[in-house]
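Residue numbers in the sequence shown follow my numbering, run continuously in steps of one, and reach 221 at the last position.
Even glycine gets a Cβ: it sits at the ideal position worked out from N, Cα and C.
Here the structure is laid out as structure tokens; the discussion comes afterwards.
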Amino acid sequence: MGAGRVEKVDVRVIAITNRDLAADARAGRFREDLYYRLAVIELVVAPLAERREDIPTLAEEFARRYGQRFGIEGVRLSPELIDALRRADWPGNVRQLENAVARMVAMSRGGDIGADAFVPANAQEPTAEGGLTWKEQLDAFERGLIAQALSEADGNQSEAARRLGMSRSALIDRLKKYGLNSSAE
């Protein structure tokens, strides 16, 4: 933009929607020319409710990812929890499942997460866009920062506290709060 010459580029656009764009284009609710530019290859994925057999694999992958992101080691979903997830309704599809697993991991201290950790969507607190409440997101972010600082300091609490710009006693309080362990100095 703003240049005096045309630059040729080679791009590939991948778009996703839960709407029937072909019907919307025919009805004039979506630009038909844009629809035909986007609809080179269409993949229709069935809702999660129609492929419940995918839930265990998806849930376990999300638990692994969020355990790593939040610095929580050894996260495992119990068979009872997997069964509860499989029976639940998921009107928000995979994104809703991901948010539910992220919430359970963020609230856990690692290890096995049981079925009692699962709160059905209609009973959850209002959430931010990421699926976790604002406080849960802040706690998960702080927990991740602390876990990363401890890792980079090879478990040295004084060094991790210095890197985080906090006192060692404040760090120790947060280690207890989040159930994080570090090797003693």
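> What number of angstroms, rounded off, separates the C-alpha of residue 125 from the C-alpha of residue 85?
Replying inline: 7 Å
>> If distances are taken between C-alpha atoms only, which option among 121, 100 and 119 comes closest to residue 111?
In response: 100
> If you draw a straight line from the alpha carbon of residue 186 to that of residue 180, how long is it in whole angstroms?
Replying inline: The alpha-carbon atoms of residue 186 and residue 180 are separated by roughly 10 Å.
> What do you reckon, are the CB atoms on residue 113 and residue 95 nearer than 8 Å?
Replying inline: yes
> Using the C-alpha atoms, what's the distance from residue 106 back to residue 174?
Replying inline: 11 Å
> Counting along the chain, where does the alpha helix (DSSP H) carrying residue 213 start and finish?
Replying inline: 204-214
> Is it right to say residue 108 is buried, meaning 16 or more other beta carbons lie within 10 angstroms of its own, or is it exposed?
Replying inline: buried
> So, are the CB atoms of residue 74 and residue 51 less than 8 Å apart?
Replying inline: Cβ distance < 8 Å, so residue 74 and residue 51 count as in contact.
> Where does residue 69 sit, in a helix, a strand or coil, going by DSSP?
Replying inline: helix
> Ordered along the chain, which non-local residues of its own chain (more than five positions away) have a Cβ less than 6 Å from that of residue 91?
Replying inline: 121 and 122
>> Excluding the 5 residues flanking residue 171 on each side, which residues of the same chain have their C-beta closer than 7 Å to its C-beta?
In response: none
> So, helix, strand or coil for residue 149, using DSSP?
Replying inline: strand
>> Below 8 Å on the Cβ atoms is my contact criterion, and I expect residue 183 with residue 189 to pass it. Report the Cβ-Cβ distance as a whole number of Å.
In response: In fact, because the Cβ distance is near 11 Å, the residues do not count as touching under 8 Å.
> When we look at the beta-carbon of residue 134 and count the other beta-carbons within 10 Å, is it buried (16 or more) or exposed?
Replying inline: buried
> Do residue 149 and residue 200 have their CB atoms nearer than 8 Å?
Replying inline: no
> According to the Cβ coordinates, are residue 193 and residue 210 closer than 8 Å?
Replying inline: no
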